[in-house]
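Here the working numbering is used: the first residue of the sequence shown is 107, the next is one more, and so on.
Note that beta-carbon positions come from the ideal geometry of N, C-alpha and C, so glycine has one too.
Presented below is the structure to which this report refers.
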Amino acid sequence: MPARQLHVVHVISGLGQGGAEAVLNRLLLTPSAAIRHTLVSFTDDGLYGAGLRDAGINVITLGMKPGKFTPGDFLALRRELKRLKPDVVQTWMYHADAIAGLAARTAGIRHIAWGIRNSGENLKSSSKSAWLLARACGLMSGWLPQTIVCCAQGARARHEQWGYEADKMVVIQNGYDLTRWQPDTQARARLREQWQLAPEARVIGFVARFNPLKDHHSLIQALAHCKKNGLILHCVLVGKGLDTENAQLMQWLREADVTDQVMLLGMRDDVPAIMNALDVHVLSSLAEGFPNVVAEAMACGVPGVVTDVGDAALIVGDTGWVVPPQNPVALGEAIGLAFAAIDEQGREAIGARVRERVLQEFSLPRMVERYEQTWQAMVADAR
Numbered sequence: 107m108p109a110r111q112l113h114v115v116h117v118i119s120g121l122g123q124g125g126a127e128a129v130l131n132r133l134l135l136t137p138s139a140a141i142r143h144t145l146v147s148f149t150d151d152g153l154y155g156a157g158l159r160d161a162g163i164n165v166i167t168l169g170m171k172p173g174k175f176t177p178g179d180f181l182a183l184r185r186e187l188k189r190l191k192p193d194v195v196q197t198w199m200y201h202a203d204a205i206a207g208l209a210a211r212t213a214g215i216r217h218i219a220w221g222i223r224n225s226g227e228n229l230k231s232s233s234k235s236a237w238l239l240a241r242a243c244g245l246m247s248g249w250l251p252q253t254i255v256c257c258a259q260g261a262r263a264r265h266e267q268w269g270y271e272a273d274k275m276v277v278i279q280n281g282y283d284l285t286r287w288q289p290d291t292q293a294r295a296r297l298r299e300q301w302q303l304a305p306e307a308r309v310i311g312f313v314a315r316f317n318p319l320k321d322h323h324s325l326i327q328a329l330a331h332c333k334k335n336g337l338i339l340h341c342v343l344v345g346k347g348l349d350t351e352n353a354q355l356m357q358w359l360r361e362a363d364v365t366d367q368v369m370l371l372g373m374r375d376d377v378p379a380i381m382n383a384l385d386v387h388v389l390s391s392l393a394e395g396f397p398n399v400v401a402e403a404m405a406c407g408v409p410g411v412v413t414d415v416g417d418a419a420l421i422v423g424d425t426g427w428v429v430p431p432q433n434p435v436a437l438g439e440a441i442g443l444a445f446a447a448i449d450e451q452g453r454e455a456i457g458a459r460v461r462e463r464v465l466q467e468f469s470l471p472r473m474v475e476r477y478e479q480t481w482q483a484m485v486a487d488a489r
C-alpha cells in the first residue's frame with residue numbers, strides 16, 4: 107500500500123526576487139507523488155505566485171504590508187494555518203520562522219521546520235532588525251521548531267554558535283534545474299549583439315540585488331584594478347537597484363573611472379541567457395548562505411570567481427577562484443587568473459568542467475529528495 111501523501115504548507119514573507127524564493131519555486135514546481143504543497147505568502151504573489159498557481163499549486167496571499175506586521179495579521183495567519191490542517195509547516199527565512207512558527211504552534215501544529223537561508227555573517231551591519239530576529243529565533247529554537255533546515259554548512263555552524271539547537275539542524279544544499287540553466291550559444295550571441303559587444307569581448311557579471319552585503323563597491327574597484335593592469339573588461343550588473351537611478355552606484359563608477367565598461371540592467375527575467383553571455387561570473391559578497399547565482403552560472407558553463415563566504419568555495423570546488431571578502435585587489439587578480447585559464451584551456455573545456463560539477467553535486471532531484479525525507483521523518487517522529 108503506498109504511503110500517505112503529506113500536506114506541506116510553506117510560509118514565506120514574500121515572493122520577490124531572491125535566492126530563497128527561487129529555491130522554493132523550484133521545489134514546488136518539481137512533481138512529487140509523496141507531497142502536496144500549499145504556499146502562504148505574507149504579502150502578495152510577487153515574482154512567482156502566478157506561475158505556481160498556473161502549475162496547480164495552492165498559493166494563498168495574505169496582503170500584509172511589508173515591515174508592518176500587526177496582531178491582526180498574526181491571528182489571520184494562525185486561522186489560515188489551522189484551516190489548512192498541514193502535516194508539516196515549512197517556514198522560509200527569519201521572519202516566517204519566528205512569526206509563522208509561533209502561529210503554527212499556537213494553532214496546535216506540532217511538525218514545524220524552520221528554514222535558515224542566510225549565513226548570518228555581517229548580518230548585524232546589514233540589517234540590525236534581521237540580526238535581532240535571528241538571535242531571538244535562537245532563543246526559541248529549543249522548543250518551537252522540530253527541525254531546522256540550513257541551506258549551507260557555514261550557515262549551520264554560525265547559527266549553532268548563536269545558540270540554535272544543534273541536534274535539530276540538517277543541511278540541505280540547493281539544487282538546480284539543469285534544463286533551465288544550461289549552455290546556450292544562441293542566447294550568448296544574441297545578447298552580445300544587443301549589447302554591441304564583439305564575440306571575443308571579455309565579459310564578467312554579477313547577478314545580485316544592490317545591497318551592502320553584496321559589496322558591489324569591491325567589484326567595481328576590482329574592475330578598475332584590472333583596467334590598471336591592462337585587462338579591459340565589460341561588466342554586466344543585474345538585479346534590483348542596479349540602474350542609473352542609483353546615485354551611490356553611479357558615484358562609485360565615476361570614482362573608479364569604469365562607467366563606460368559597466369552595463370546596468372536592473373531586474374531581468376532572462377537571467378539564464380545573461381549568464382550565457384558572460385565569460386566569468388564574479389561574486390563579491392561580504393556574506394552568503396548558499397549563493398545560487400554561482401551554481402546557476404556554472405550550470406550554464408560559466409566559471410566563477412568568488413569571495414570566501416558561506417558555501418561559495420564549496421560550490422566552485424577546484425573549478426573556480428576563491429579570495430577573501432573586501433579585498434578588491436585579490437578579486438581583480440583572481441579575475442585575471444580566470445581569463446588566463448580560459449585563454450590557455452579554452453572556454454568550452456572549462457565550461458564543461460564547471461557544469462559537470464553542478465550536475466554531480468547540486469542536482470534538483472537530490473535537493474527535493476532530501477526535503478521529502480526530512481518531512482517524512484518529522485511526521486514519523488512522535489515528538
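For G372, DSSP records a beta bridge to V344. When DSSP reads this structure, I421 sits in no beta bridge, so it has no partner. Three or more beta-carbon pairs separated by less than 8 Å link the region 436-447 to the region 379-386, which places the two stretches in contact.
Beta-bridge partners assigned by DSSP to Y282: S469.
With fewer than 16 neighbouring CB atoms inside 10 Å of its own CB, Q302 falls in the exposed class. A straight-line Cα-Cα distance of about 11 Å links D193 and H116. In terms of Cβ geometry, T136 and V474 form a close pair [threshold 9 Å]. Residue pairing by DSSP puts G410 in a beta bridge opposite H387. Judged by DSSP secondary structure, Q432 falls outside any beta strand (DSSP E); it is assigned neither H nor E.
Rounded to the nearest angstrom, the Cβ distance from S225 to E394 is 6 Å, consistent with a contact under 8 Å.
Annotation note: the region 221-279 contains the following uninterrupted alpha helix (DSSP H) runs of length 4 or greater, listed N- to C-terminal: 229-232, 234-246, 259-267.
Given a length threshold of 4 residues, each whole run of the alpha helix (DSSP H) inside the region 128-164 is given here in chain order: 155-160.
Contact check for G120 against G157 fails: the beta carbons are separated by 9 Å or more. If you check the CB distance, V129 and E186 do not come in under 9 Å.
Scanning A307, A353, E454, T425 for the CA closest to the CA of L339 turns up A307. A contact between stretches requires three or more CB pairs, one per stretch, nearer than 8 Å, and the region 262-277 fails this requirement with the region 347-365.
Counting along the chain, W358 sits inside the alpha helix (DSSP H) bounded by residues 353-362. Annotation for G311: the continuous beta strand (DSSP E) segment containing it runs 309-313. Per DSSP, reduced to three states, the secondary structure at H201 is helical. Here DSSP, grouped into helix, strand and coil, assigns Q479 to helix. H217 sits in coil when the DSSP states are folded into three classes, being neither helix nor strand. Across the structure, H143 and A209 are spaced so that their CA atoms are roughly 19 Å apart. In the DSSP assignment, L112 falls within the beta strand (DSSP E) that extends over 112-118. Contact annotation, V428 with V412: C-beta distance approximately 6 Å; criterion of less than 8 Å satisfied. The C-beta separation of P431 from D321 comes to about 7 Å, placing the pair in contact by the 8 Å criterion. Secondary structure note for A401: its alpha helix (DSSP H) is the uninterrupted segment 398-405. Between the alpha carbons of V165 and D203 lies a distance of about 19 Å. DSSP places T291 inside the alpha helix (DSSP H), whose first and last residues are 291-300.
Just so you know, the alpha carbons of I326 and L359 end up roughly 7 Å apart. Closest in C-alpha terms to L389, from the list V114, R159, D417, comes D417. Ranked by Cα distance from A353, the first of V342, L370, G178 is L370.
Residue nearest to R476 within the set G281, R189, G207 is G281 (criterion: CA-CA distance). Counted as a single uninterrupted DSSP element, the alpha helix (DSSP H) harbouring I326 occupies residues 322-334.
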